[in-house]
Amino acid sequence: MADLAAVLVTGAGMTKFAKSTRSLRDLAGEAVRDAVADAGLEMGDLQAAYVGNGVAGLVTGQEMIRGQVMLRPLGIEGIPIFNVENACASASSALHLGWQAVAAGMHDIVLCLGAEKLSHEDKAVGMAAIGTAVDIEAQAEMAERLGGGGADAGKRSFFMDIYAGMARAYMAHSGATREHFAGVVVKNQGNGARNPRAQYGAQLTVEDVLTSREIVDPLTLLMCSPISDGAAAVVLMSEDAARRAGARGPRIRASVVVSGNQHDKSDPSAGSAGRAAAAAYAQAGLGPEDLDCAEVHDASAPAELIVYEQLGLAPPGGGPELLASGRTELGGDLPVNTSGGLLSKGHPIGATGLAQVCEATWQLRGQAGARQVDGARVALAQNGGGWLEEDSAAMSVHILSAD
């Protein structure tokens, strides 16, 4: 890879995730104002903006110029504004594009924003919108193959049928149980209880999770990420610009986005998450053993265990053992989803990737409060989006370091 300039995250801002009555532009405005102020800048200092959003066209009717609509009320105009849609990886894809622009020397200061208004008075509207993150011409065949559908299928995200199918396959070859999946929820809900921006957060038991309403076997309600609204934003600066402005922040050591591929399903490293992680580790000159904390895409509880293996945190089939060891809990040597993850923090799909990076930034600055990882120096964020055949359609991995 050609020599690239160092890129720092000098500002981070995020709303509380919730089912909100606030508008998309109002949510975006809060996150942007906080991120720009955190960087010690003014709106006029921004040279470009990259705005991630997944479903505004389907849920709010704002199909085009979403970023311009969100940013104009803040006085951000006249600069290049790019609208980025990559399903649940929209925000992390926007971050990747912003990182590229600064690393290549095209801009010194850019804004990356992810925002989503997913809740709707008719719950089916939001669920249907999420369901478009697949090949819609193949959706019926996919539902039949997964054993989804049924009378209540329209009341849940089609992705829960996908995750349930993945979970059943994972249980068959790894020995994972529903109790392991419940353990992920207990851990992440406990972390969320320490996060004032999280949608939910509670001290639960495994039994609480297992006895919550069944969604689709083997998933119960608490094993599934909720419908959420919210926004997250970061300001990226070149090292030189940050020095001139007196701004500081963690360095982006790796920024990788890939698309899904046909691969050997028995090899966790062969799919999009494994390939993105390998590329990110190579770009950063680091390995999984160097990580101090990680934010991963736990849209369902089983997904976190699967991702442990895809990221090289555990060997094939070793996700349940890693969870049971306590290493991924706060106080362990590799806490995962200190924010509460998607399961507890919430999952406004177009904002999720940048919410993960906000958490990584706060951890590396020592600003994570009651969920702070002592001495955190290196953090990873993994964010997937959409589904195509048997892999995520888009996958990102970012690695940040405190120096």
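Sequential numbering from -1 applies to the sequence shown in my numbering.
Note that CB positions come from ideal geometry on N, CA and C, so glycine has one too.
Among the candidates the options, whose CA atom is the shortest distance from the CA of residue i?
i: residue 1; options: 53, 61, 93 and 102; result: 102
i: residue 213; options: 229, 204 and 223; result: 223
i: residue 296; options: 254, 206, 236 and 186; result: 186
i: residue 227; options: 197, 241 and 209; result: 197
i: residue 110; options: 68, 14 and 118; result: 68
i: residue 81; options: 64, 190, 45 and 298; result: 64
i: residue 26; options: 230, 95, 47 and 17; result: 230
i: residue 23; options: 3, 39, 17 and 60; result: 60
i: residue 44; options: 21, 72, 398 and 340; result: 72
i: residue 209; options: 176, 240 and 195; result: 176
Under three-state DSSP, which class holds residue i?
i: residue 24; result: helix
i: residue 148; result: Caution is warranted here: a pLDDT of 43 is assigned to residue 148, below 50, making its placement in the model unreliable, and no coordinate value can be reported.
i: residue 83; result: coil
i: residue 251; result: strand
i: residue 347; result: coil
i: residue 390; result: strand
i: residue 91; result: helix
i: residue 380; result: strand
i: residue 244; result: coil
i: residue 288; result: helix
i: residue 9; result: strand
i: residue 407; result: Here the chain has residues from -1 to 401 only, and residue 407 is not among them.
i: residue 123; result: helix
i: residue 231; result: strand
i: residue 408; result: The question about residue 408 has no answer here: the residues shown for the chain are numbered -1 through 401.
For residue i, does the count of other Cβ atoms within 10 angstroms reach 16, so buried, or fall short, so exposed?
i: residue 148; result: Caution is warranted here: a pLDDT of 43 is assigned to residue 148, below 50, making its placement in the model unreliable, and the coordinate value is therefore given only provisionally. Residue 148 should be labelled exposed.
i: residue 221; result: buried
i: residue 155; result: buried
i: residue 350; result: buried
i: residue 85; result: buried
i: residue 215; result: exposed
i: residue 280; result: exposed
i: residue 357; result: buried
i: residue 401; result: exposed
i: residue 115; result: buried
i: residue 343; result: buried
i: residue 353; result: buried
Check: Does the pairing of the segment 354 to 363 with the segment 276 to 295 give three or more beta-carbon distances under 8 Å?
Finding: Output reads yes: the segment 276 to 295 touches the segment 354 to 363.
Checklist line | Ordered list of alpha helix (DSSP H) runs contained in the segment 165 to 198, each at least 4 residues | finding: Runs found: 176 to 190.
Check: Quick one: complete alpha helix (DSSP H) runs, 4+ long, within the segment 28 to 82?
Finding: Whole alpha helix (DSSP H) segments, 4+ residues: 54 to 57 and 64 to 69.
Check: Are the segment 302 to 310 and the segment 245 to 263 touching by the rule of at least three beta carbon pairs closer than 8 Å?
Finding: In short, these stretches do not touch, since the Cβ pair count stays below three.
Notebook entry, point to check: If you pair each beta-carbon of the segment 35 to 50 with each one of the segment 0 to 14, do three or more pairs fall below 8 Å?
Noted result: Contact holds between the segment 35 to 50 and the segment 0 to 14, because three or more Cβ pairs, one in each stretch, are under 8 Å apart.
Notebook entry, point to check: So does the segment 51 to 59 actually touch the segment 85 to 94, counting three or more Cβ pairs closer than 8 Å?
Noted result: Taking a contact to require three or more Cβ pairs closer than 8 Å, the segment 51 to 59 and the segment 85 to 94 qualify as touching.
Next item on the list: Spell out a yes or no on whether the segment 385 to 392 and the segment 229 to 249 are touching, meaning 3 or more CB-CB pairs, one atom from each, closer than 8 Å.
Entry: No contact exists between the segment 385 to 392 and the segment 229 to 249.
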